[in-house]
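Chains as they are written, first to last, in our numbering: chain A, 1 to 313; chain B, 1001 to 1524.
To keep things clear, I will list the structure first and then write my remarks on it.
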């Protein structure tokens, strides 16, 4: 409930309409890009967005420095960030839900062994017929190395499965397994950002800036490794977006996660630059805190991803 | 601001920049309301095209390809362009007034949420003029119709949906932050007006499911352009996956539309019954229960898709459960009126019609929830009739009631009561002539989304079209009434426009000053 009497209501602003214009251009531009190939409009929209986002956040930071943001306004920002993260959770839930459905339900239907009930694993007649008529020869397995298309149509198939999957390679090769290192890096970065936070709370700026810089570095290393993994997948494993449902779910889940790591790294980098400039104190630190919450969120998403995409194949 | 809002007298530049750059919740609410009304007329025009073509059997006016674009665009524009922004407009105007806040919690983001919409709908509407035509796969855009067999303009549709979603999420976060953080001292959660309650729950639903819709259209985009196989069984995907993802968004979406309507009616009925709302806390809990259940019933839209019997049974019983909290609400509205000193001004007429017709639509919903019976009803005009009873007689009637109810507060002028009541009766009669016969058509087997039909359906289709034209005319009357009120309405300055009205919004002068509650009021 409101307790203060002077909530800061900003004056008219040109920022929102410029942002909306940028978004509109990006949306129209992205569509015309995939339809007819030109990326001009999209790039223009993106450039507008980049500039206006910089201006907008600069303004908010500046207002905060001038003391316009009282505790109540800060609570609005906290609520905004929390619910934004919740919306991101739901975005990932859509893709994790799709993965679950495709893996557990669809795959067994295509393979003809969808069970009658929870306690009776006799295949239903419909699933058997579905497999025999539409995708003869397809056997349900995960990861699916052969698509239903390939099983039924052989060389003429449009969708061809990967040569290799990203699965757990066995204990002997554990140390050379990239996803494990990526997991170690992200979990470590969650700890380092926490140590940075503790440093800030104790007014230890050296600890704060040093560990924050380390976190940004770890985020960047994670991204480099992921690019490396993608290049390897495309060049040596025959694993692409087009290799049936395995490639689809692998790249979409890890890709969206990677995009969010990129965003999180940028947020932390900005917090780092601000920290070096002397911003944040143990009283006033939400710009940094919000970035760290976001960072923990992408970390948790990665842990789920690590287990359902890489480990439990 | 030092000075008041710019008017036309300050010159065009100042006037336009007021609306474009505004951070004022009342201005933004007004923008939302006018935008949604413009979209309502556009979506309505599409509906008129549909009903004109269906006036007689055979193809008279348009080609079937264009008919498909009309049904699709009618649905999309009405859901995302008319009804949702209309209630966001009401939220912007009324929530800060009702909880005693100086403005929305994040005023600049509020402006952004609105101004994304004109861009989104410009992109969506422009698809009608593109090669291959606009979206023609139904507003539910099922794959593979919307992927493998879609016109190229589907890509524009996808990105329009993306930015609309961004707008909705930002708008909702703003509402949640406002309600959680900006209430006047003494305004505890269980003292909030019901409109505020229904909106904060709606906002929660929006933040939860708009990202899922974004996921669905992203999967479409990837399938269409980048060779993925989410919805293609050949690659190991499944078209039915699309329906699951879509309806996980789509079912909460229908409550997103109807919950604020519940809130409006829960404000109006007590006012004109001159009694407090019966069962306030049960209303709050019923709203929350409906919101919760909306997440676990989605596949009742897909009974004919070939689900295992256990799935059919679960989704059938879970869906029927929704009738319980909804029944609580209807009971409470009726009990509020019981032994009240009722008067029947226009907002009350629309609200009573809402209760009757929404309940009717609820009962047909109960019929549709019976999985075995739905095999017969699925994708027939019975479904069309059902959801127009809840969307039009539900959401649109309640939105119209809200306009008449709060218009004096917004512009300080009183509408003409006779004109209002005439508009109500034209709308009420036109609506029922348009949609009641569609139940009979559906039960007789007429499928939805068809440009032509068998001769046995001719009579009721003609009746339905006539009703639709009457109902369309009623909206022009509404527009006239609003403009006439703003321009020449009888001025009213009293705080309490309606004798029986309660709440903080009735403690400020009419028209509500540009800035209200700069200091939070004391709420008893």
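Note that CB positions come from ideal geometry on N, CA and C, so glycine has one too.
query: Is there a Cβ of chain A sitting closer than 7 Å to that of residue 1529 of chain B, yes or no?; result: What the structure shows of chain B is the stretch from 1001 to 1524, and residue 1529 of chain B is not part of that stretch, so it cannot be assessed.
query: Does any residue of chain A bring its CB to less than 7 Å from the CB of residue 1229 of chain B?; result: yes
query: Select from A:199, A:226, A:306 the residue whose C-alpha is nearest the C-alpha of residue 288 of chain A.; result: A:199
query: By DSSP, does residue 18 of chain A sit in helix, in strand, or in coil?; result: helix
query: If I measure Cβ to Cβ from residue 1521 of chain B and keep anything under 6 Å in the same chain, skipping five residues before and after, which residues do I get?; result: 1100, 1184
query: Give a yes or no on whether the C-beta atoms belonging to residue 363 of chain A and residue 243 of chain A are separated by under 7 Å.; result: This structure leaves residue 363 of chain A out entirely; chain A is present only between 1 and 313.
query: So which of B:1194, B:1080, B:1123 has the shortest CA-CA distance to residue 1140 of chain B?; result: B:1080
query: So if I threshold CB-CB distances at 8 Å, which residues from the stretch 1392-1405 of chain B count as touching chain A?; result: none
query: Find out if the Cβ-Cβ distance for the pair residue 1251 of chain B, residue 1214 of chain B is shorter than 7 Å.; result: no
query: Find out if the Cβ-Cβ distance for the pair residue 1506 of chain B, residue 16 of chain A is shorter than 7 Å.; result: no
query: Since residue 1304 of chain B meets chain A, which of its residues come closer than 9 Å, beta carbon to beta carbon?; result: Simply none; closest approach about 14 Å.
query: Taking the continuous alpha helix (DSSP H) assigned at residue 46 of chain A, which residues delimit it?; result: 40-65
query: Starting from the beta carbon of residue 1374 of chain B, find every residue of chain A whose beta carbon is closer than 9 Å, and list them in chain order.; result: Chain A residues near residue 1374 of chain B: none, gap ~19 Å exceeds 9 Å.
query: Within its chain, find whatever has a CB closer than 7 Å to the CB of residue 1370 of chain B; leave out the 5 residues flanking it on each side and keep chain order.; result: 1316
query: If I follow the unbroken alpha helix (DSSP H) through residue 251 of chain A, where does it start and stop?; result: 244-276
query: With distances taken Cα to Cα, identify the nearest neighbour of residue 1195 of chain B among B:1259, B:1024, B:1025, B:1070.; result: B:1259
query: Name the two residues that bound the continuous alpha helix (DSSP H) containing residue 1329 of chain B.; result: 1323-1337
query: List, in chain order, every chain B residue whose beta-carbon is nearer than 9 Å to that of residue 83 of chain A.; result: 1169, 1172, 1173, 1176, 1177, 1203, 1204, 1207
query: Compute the beta-carbon to beta-carbon distance between residue 1414 of chain B and residue 1490 of chain B, rounded to the nearest angstrom, for a pair I have assumed lies under 8 Å.; result: 5 Å
query: Within the 7 Å Cβ cut-off, does residue 1116 of chain B reach chain A?; result: yes
query: For residue 1160 of chain B, which residues in chain A fall below 9 Å Cβ to Cβ?; result: 27, 28, 31
query: What do you reckon, are the CB atoms on residue 164 of chain A and residue 237 of chain A nearer than 7 Å?; result: yes
query: For residue 191 of chain A, I'd like the list of residues in its chain whose CB is within less than 8 Å of its CB, leaving aside the five on either flank, ordered along the chain.; result: none
query: Quick one: grab the DSSP three-state call for residue 1026 of chain B.; result: helix
query: For the stretch 1471-1481 of chain B against the stretch 1422-1433 of chain B, do three or more pairs of beta-carbon atoms, one drawn from each stretch, fall closer than 8 Å, so that the two count as touching?; result: yes
query: Would you grab the beta carbon distance between residue 1364 of chain B and residue 1300 of chain B for me? Rounded to a whole angstrom, and I think it's under 8 Å.; result: The pair is not a contact, with the Cβ atoms about 13 Å apart (cut-off 8 Å).
query: I'd like to know whether the C-beta of residue 1136 of chain B is nearer than 7 Å to at least one C-beta of chain A.; result: no
query: According to the Cβ coordinates, are residue 1536 of chain B and residue 1332 of chain B closer than 7 Å?; result: Coverage of chain B is limited to positions 1001 through 1524, which leaves residue 1536 of chain B absent and any answer about it impossible.
query: Cβ atoms of residue 94 of chain A and residue 1245 of chain B: under 7 Å apart, would you say?; result: yes
query: Pick out whichever of B:1287, B:1121, B:1284, B:1266 has its Cα sitting closest to the Cα of residue 1277 of chain B.; result: B:1266
query: Determine, for residue 1387 of chain B, whether the minimum Cβ-Cβ distance to residues of chain A falls below 7 Å.; result: no
query: Apart from the five residues on each side of it in sequence, which residues of its chain come closer than 7 Å, Cβ to Cβ, to residue 1147 of chain B?; result: 1220, 1223, 1224, 1231
query: At the 7 Å Cβ level, is residue 993 of chain B part of the contact set with chain A, yes or no?; result: Examination of residue 993 of chain B is not possible in this model, given that chain B is present from 1001 through 1524 alone.
query: Can you give me the start and stop residues for the alpha helix (DSSP H) that residue 1191 of chain B sits inside?; result: Run containing residue 1191 of chain B: none; DSSP gives neither H nor E here.
query: According to the neighbour-count rule (16 or more other Cβ atoms, all chains shown, within 10 Å of its Cβ), is residue 99 of chain A buried or exposed?; result: buried
query: Cβ closer than 7 Å: which chain B residues qualify as neighbours of residue 55 of chain A?; result: Under the 7 Å cutoff, chain B gives no residues; its nearest Cβ is about 12 Å from residue 55 of chain A.
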